[in-house]
């Protein structure tokens with residue numbers, strides 16, 4: 009499936025043009041493919057056959073800094089981060105602990121505000137929003153997937169998935185309809201009423217992914233989504249992410265230190281000491297749906 | 323949204339069933355205690371009201387001495403006395419009165435069949451039974467003629483009969499009061515115990531007989547007037563009460579030659595005033611019981627706060643998640659507040675049921691009337707809701723102010 013997608017990829021020059029607007033100069037990997045191109049498998053392009061010219065940036069950060077004051081010491085967690093992530097990207101943000109990776113994820117996830125710099129998410133300037141506005145943005149535009157699933161125990165899957173819709177003021181009937189659809193999408197159509205604690209780890213993470221999908225967000229932000237899973241289940245979950253990306257054009261951002269996740273992504277952004285040190289695009293990323301590719 | 327939060331609260335509380343029940347227990351016991359104790363207090367109030375109204379509500383009583391509140395009072399030192407001449411003057415001068423009676427009571431030695439006992443002997447007018455609303459058991463009460471004749475006839479209370487005539491018919495038996503021979507002509511119907519002791523431990527004789535035959539040495543004032551304990555008047559209606567009271571006061575002040583700046587050396591009480599006075603006392607009693615019970619409600623509230631704080635800590639990650647998926651701080655606050663309030667409201671409602679059952683149980687086992695009043699129930703339920711609100715705010719605020727990033731990372 010991914011192979012087909014990759015074959016249909018179109019020239020790269022366009023992407024380079026698109027990127028030239030940004031301060032970020034993309035790194036080019038060994039394949040000589042310029043950045044971003046592989047990720048343009050957006051629903052738009054696929055379904056309508058329209059050129060990738062219209063690749064739409066979902067995340068645009070410019071000069072993001074974040075400083076923490078710890079007593080007299082000032083800690084620069086991020087010092088000028090520019091990233092552009094396009095609709096349909098399947099990207100891993102990688103870095104060792106202390107690299108600023110988590111801080112970046114929190115800012116990209118609208119859980120935290122940058123000290124300076126601008127951040128446009130799906131066309132909305134979010135850097136100056138107050139906490140309530142950010143809560144609304146998270147609800148509408150971001151689907152979170154966590155390492156530890158964070159499901160409500162003793163609560164049926166369908167209710168777990170419906171939680172974000174409650175905060176979006178979606179009515180009960182519409183809520184269960186959309187929650188059921190989301191669960192069917194992740195292959196749990198037959199586990200609607202199982203309590204979260206009755207499901208396996210992989211199933212729980214699927215419920216969490218359904219919960220992230222249910223609001224039809226602009227991006228899915230997954231923080232070490234396979235960290236608590238064995239390699240076989242991890243591969244299954246990566247397969248699900250890749251399928252969502254390929255078939256539905258979901259923009260998916262992984263935040264991870266796990267090279268196995270990165271190896272399944274079309275694009276890898278590396279961060280160290282609060283700066284972007286690498287931004288690579290690859291066409292020959294692994295297809296998790298083809299067997300057990302998740303072994304170390 | 324409120325409905326969703328309520329559903330969420332119910333789900334959470336059910337998921338932690340045992341803990342929720344134990345937390346509720348504090349409020350349940352508090353409300354149950356409030357309801358039961360208020361029912362007891364109200365029962366006492368009703369009992370006292372019944373006591374007074376059985377004596378007739380339009381009663382005005384005159385007694386010697388000043389009515390003084392607090393210790394050190396009392397009219398004993400004031401040389402005050404009301405006399406049979408006062409009685410006659412009042413009866414002659416007061417209008418709006420349908421009936422009247424007087425009594426002179428002292429303890430006397432009562433002898434029958436070589437059995438000796440001390441009995442409260444009441445010298446009363448023939449009208450006494452009607453005015454005090456007392457019924458006869460058997461035999462007859464004495465009449466005007468008996469009084470004029472200073473007849474040596476006695477009517478006994480049931481307690482005296484039980485003590486002295488355990489296996490005998492008392493009527494027509496001869497007894498001695500302070501050595502004077504009397505014939506028993508009747509027995510009063512039982513009245514039971516009142517606040518002032520056993521109402522049935524009495525022996526009634528004609529007033530004139532008491533004055534002149536039994537208590538001749540104690541009956542006269544230094545001036546030689548015949549003393550009375552109480553003068554009772556039945557007014558035509560409730561409204562006449564105050565006029566009658568004023569009227570009596572005017573007559574007695576003249577008769578007792580009291581200067582304008584001197585207080586009354588007698589007391590005029592109306593039954594309504596007595597009911598009010600005792601109502602005030604029992605009201606304080608009821609409030610006191612209620613206050614004690616409220617303390618347990620307070621303790622229950624602290625229990626709720628305690629558990630909610632534990633719950634907030636335990637559910638830190640859930641709170642973090644809710645914030646991440648778009649819950650505003652205010653909604654998180656509301657969620658926890660609704661949980662606390664629902665818990666305490668439910669505890670309160672169960673407490674009401676237990677309280678009512680408790681009051682009925684007291685009524686059944688202690689044969690003591692309890693009265694559960696709707697306002698008390700509403701008050702208790704409302705108060706438990708307030709307890710939930712008050713003690714829920716702090717934990718809920720803590721939950722709502724959690725930083726989602728830290729909360730999600732909390733282990």
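Protein chains in written order, with our numbering: chain A, 9 to 304; chain B, 323 to 733.
The beta carbon of each residue, even a glycine, is placed where N, CA and C say it ideally should be.
Small disclaimer: the values here were computed from a predicted structure and weren't measured.
Exercise. Excluding the five sequence neighbours on either side, which residues of its own chain have a C-beta within less than 7 Å of the C-beta of residue 329 of chain B, listed in chain order?
Worked result: For residue 329 of chain B, where only same-chain residues beyond five positions count, there are no Cβ hits under 7 Å.
Exercise. Considering residue 431 of chain B, what are the terminal residues of the beta strand (DSSP E) in which it resides?
Worked result: 419 to 434 is the span of the beta strand (DSSP E), which, as asked, contains residue 431 of chain B.
For this session: Hey, could you find the ends of the beta strand (DSSP E) residue 496 of chain B is sitting in?
Result: 496 to 499
Exercise. When the Cβ atoms of the region 606 to 614 of chain B are set against those of the region 434 to 452 of chain B, are three or more pairs found closer than 8 Å?
Worked result: no
Exercise. Does the region 236 to 249 of chain A come within contact of the region 286 to 293 of chain A, defined as at least 3 CB pairs closer than 8 Å?
Worked result: Contact between the region 236 to 249 of chain A and the region 286 to 293 of chain A is absent: fewer than 3 CB-CB pairs across the two stretches fall below 8 Å.
Exercise. Between B/405, B/449, B/675, which lies nearest to residue 465 of chain B when the distance is taken from Cα to Cα?
Worked result: B/449
Exercise. For a contact meaning CB atoms closer than 7 Å, what does residue 174 of chain A contact in chain B?
Worked result: 326
Exercise. CA-CA distance, residue 733 of chain B and residue 73 of chain A?
Worked result: 28 Å
Exercise. For residue 87 of chain A, which beta-bridge partners are listed by DSSP?
Worked result: A/73
For this session: Leaving out five residues on either side along the sequence, give the residues of the same chain with a beta carbon under 7 Å from the beta carbon of residue 241 of chain A.
Result: The beta carbon of residue 241 of chain A lies closer than 7 Å to those of 209, 210 in the same chain, with the five residues before and after it left out.
Exercise. What is the rounded straight-line gap between the Cα of residue 722 of chain B and the Cα of residue 714 of chain B?
Worked result: 12 Å
Exercise. Closest by CA to residue 97 of chain A, which one among A/251, A/111, A/86, A/166?
Worked result: A/251
Exercise. Skipping 5 residues on each side, what residues in its chain have a beta carbon closer than 7 Å to that of residue 10 of chain A?
Worked result: Summary for residue 10 of chain A: the model assigns pLDDT 42, below 50, so the residue's position carries little reliability, and this model does not support an answer.
Exercise. Is the region 663 to 683 of chain B touching the region 700 to 710 of chain B in the sense that three or more CB pairs, one from each, lie closer than 8 Å?
Worked result: Judged by pairs of C-beta atoms under 8 Å, the region 700 to 710 of chain B touches the region 663 to 683 of chain B, as three or more such pairs exist.
Exercise. Around the Cβ of residue 270 of chain A, are there at least 16 other Cβ atoms within 10 angstroms (buried) or fewer (exposed)?
Worked result: buried
For this session: Would you mind telling me which residues of chain A sit closer than 9 Å to residue 651 of chain B, beta carbon to beta carbon, in chain order?
Result: 139, 140, 143
Exercise. Where does residue 696 of chain B land, buried or exposed, given buried means 16+ other C-beta within 10 angstroms?
Worked result: Around the CB of residue 696 of chain B, fewer than 16 other CB atoms lie within 10 Å, so the residue is classed as exposed.
For this session: Could you name the residues of the same chain whose beta carbon sits closer than 6 Å to that of residue 634 of chain B, not counting the 5 residues immediately before and after it, in chain order?
Result: The beta carbon of residue 634 of chain B lies closer than 6 Å to those of 717, 720, 721 in the same chain, with the five residues before and after it left out.
Problem set entry | Chain-ordered residues of the region 332 to 355 of chain B with a beta carbon less than 8 Å from chain A | 333, 337
Exercise. DSSP state of residue 148 of chain A, grouped into three classes?
Worked result: helix
For this session: Output the distance between the C-alpha atoms of residue 219 of chain A and residue 150 of chain A, rounded to the nearest integer angstrom.
Result: 11 Å
Exercise. Just how far apart, CA to CA, sit residue 110 of chain A and residue 263 of chain A?
Worked result: 8 Å
For this session: Taking only beta-carbon positions, decide if residue 717 of chain B is within less than 8 Å of chain A.
Result: no
Problem set entry | Three-state secondary structure assigned by DSSP to residue 654 of chain B | helix
Exercise. On the three-state DSSP scale, how would you describe residue 714 of chain B?
Worked result: helix
Exercise. Considering residue 485 of chain B, what are the terminal residues of the alpha helix (DSSP H) in which it resides?
Worked result: 480 to 486
For this session: Using a Cβ-Cβ cut-off of 8 Å, state whether residue 213 of chain A counts as contacting chain B.
Result: no
Exercise. Between residue 147 of chain A and chain B, is there a C-beta pair that is closer than 8 Å?
Worked result: yes
Exercise. Cα separation between residue 406 of chain B and residue 559 of chain B?
Worked result: 25 Å
For this session: Could you name the residues of the same chain whose beta carbon sits closer than 7 Å to that of residue 350 of chain B, not counting the 5 residues immediately before and after it, in chain order?
Result: 669, 672, 673, 676
Exercise. Nearest chain B C-beta to residue 1 of chain A closer than 8 Å, yes or no?
Worked result: This structure does not reach residue 1 of chain A, given that chain A is present from 9 up to 304, and the question cannot be answered.
For this session: Note down, in chain order, each residue of its chain lying with its Cβ closer than 6 Å to the Cβ of residue 127 of chain A, except the 5 sequence neighbours on either side.
Result: 69, 134, 135
Exercise. Along the region 113 to 131 of chain A, what residues have a CB closer than 8 Å to any CB found in chain B?
Worked result: 114, 117, 119, 120
For this session: Report the partner residues of residue 339 of chain B according to the DSSP bridge assignment.
Result: BP columns for residue 339 of chain B are empty, so no partner.
Exercise. Given residue 562 of chain B, which residues of its chain have a CB within under 6 Å of its CB, disregarding the five upstream and five downstream residues?
Worked result: 418
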